[in-house]
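For reference, the structure discussed in these notes is given below.
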Amino acid sequence: LMPQPCQYGWGRCVITVQLTEEELAVAGEGHKYFLLFSGSTQRHLTSTQRSSHDTLQALCPAHDCCEAVLVTLCSISRGVLPIPEDCAGHVTPLAENRFCFVQDLAFDMAQFLVRYILLTIIWALLLDECHIPLRECERLDESLALALHHLVLPPGWSLLGSKQLGPQETLLHFSARRGLLQVTQFLLQQPGAKEAVRLVNRQGHTPAAVAALKGHDCLHQLLIRQVEWLFEYSLLNLWSFYLFFTELLLN
């Protein structure tokens, strides 16, 4: 299996499997191959594509922790099975190998953002003092957004971190300050986004204002459009409410 290792969290990398003559002989023609990843708490099944006579490629699955897992290469015959329920006899394990998922900083960072949201705001303000190069910010944006998409949010989780709507820093302020466009797009779909996008911090700035102050024009426009959409949506709800009661009174 190549390459090794792979970052856990979302996987993403393309794995190449080199078949031996024995494996080719056992499987024969007209067979499909797949990989079974068996970890301590998760198992993943992924299909493969043949890139040459003796080479397979597969997309590495996401995993929940860094560890060595057992990967089993299996083949399955094509065509209609005599008895649909009897597929076990048509699956042939061909080989086993160890595969390592290693630590991924972006995934760890995403977990920290979600689990310790109040501490995150303090950490985000400290990070604001660091001058991160533009290219590194773009990489952070892509990797962090991808990691966040693969996280399971805790029950009742909200961008606000609390039910108080007073001036406070939120994750939207953090992403706006750093120019993290993809992260912001993800956050706008999460619980508490409707309130957080209009919430000011202790300096009196909304996330859109923070983005404008930092010169992140695309991000500023995205946040402005979101605020405008929420305003129009509120007006539409009020109008529907008005029409409903008007009709009720007339009847």
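Everything in the sequence shown is counted per UniProt numbering, starting at 1 for the first residue and increasing by one.
Beta carbons: idealized from backbone N, C-alpha and C, even for Gly.
Burial state of residue i (16 or more Cβ within 10 Å)
i: residue 97; result: exposed
i: residue 56; result: buried
i: residue 203; result: exposed
i: residue 156; result: exposed
i: residue 208; result: buried
i: residue 169; result: buried
i: residue 226; result: buried
i: residue 215; result: exposed
i: residue 177; result: buried
i: residue 99; result: buried
i: residue 243; result: exposed
i: residue 25; result: exposed
i: residue 19; result: buried
i: residue 73; result: buried
Own chain partners of residue i with C-beta closer than 7 Å, once the 5 adjacent residues on each side are dropped
i: residue 165; result: 195 and 199
i: residue 61; result: 11, 37, 44 and 46
i: residue 210; result: 173, 176 and 177
i: residue 212; result: 220
i: residue 160; result: 170, 192, 195 and 196
i: residue 135; result: none
i: residue 142; result: 182
Whole-number beta carbon distance between residue j and residue i, since they are thought to touch under 8 Å
i: residue 183; j: residue 144; result: 5 Å
i: residue 63; j: residue 101; result: 5 Å
i: residue 201; j: residue 173; result: 5 Å
i: residue 17; j: residue 59; result: Residue 17 to residue 59, Cβ: 12 Å. No contact.
i: residue 140; j: residue 180; result: 7 Å
i: residue 39; j: residue 71; result: Not really, about 10 Å apart at Cβ, beyond 8 Å.
i: residue 66; j: residue 42; result: Not confirmed; about 12 Å, so no contact.
Beta-bridge pairing of residue i - partner residues as DSSP gives them
i: residue 58; result: 15
i: residue 100; result: 68
i: residue 20; result: Its beta-bridge partners do not exist; DSSP assigns none.
i: residue 31; result: 77
i: residue 93; result: 74
i: residue 45; result: 36
i: residue 50; result: 56
Cutoff 6 Å; reference residue i; Cβ partners in own chain excluding five residues on either side
i: residue 248; result: none
i: residue 31; result: 75 and 77
Spatial neighbours of residue i in its chain, beta-carbon cut-off 8 Å, leaving aside the 5 residues before and after
i: residue 240; result: none
i: residue 197; result: 172, 188, 206, 207, 208, 223, 226, 227 and 230
i: residue 137; result: 178, 179 and 180
i: residue 115; result: 154
At least three beta-carbon pairs within less than 8 Å, the stretch 144-160 to the stretch 101-117: With a cut-off of 8 Å, the stretch 101-117 and the stretch 144-160 count as touching, because enough Cβ pairs lie within range.
Cβ contact check for the stretch 44-54 and the stretch 91-105: 3 or more pairs under 8 Å: no
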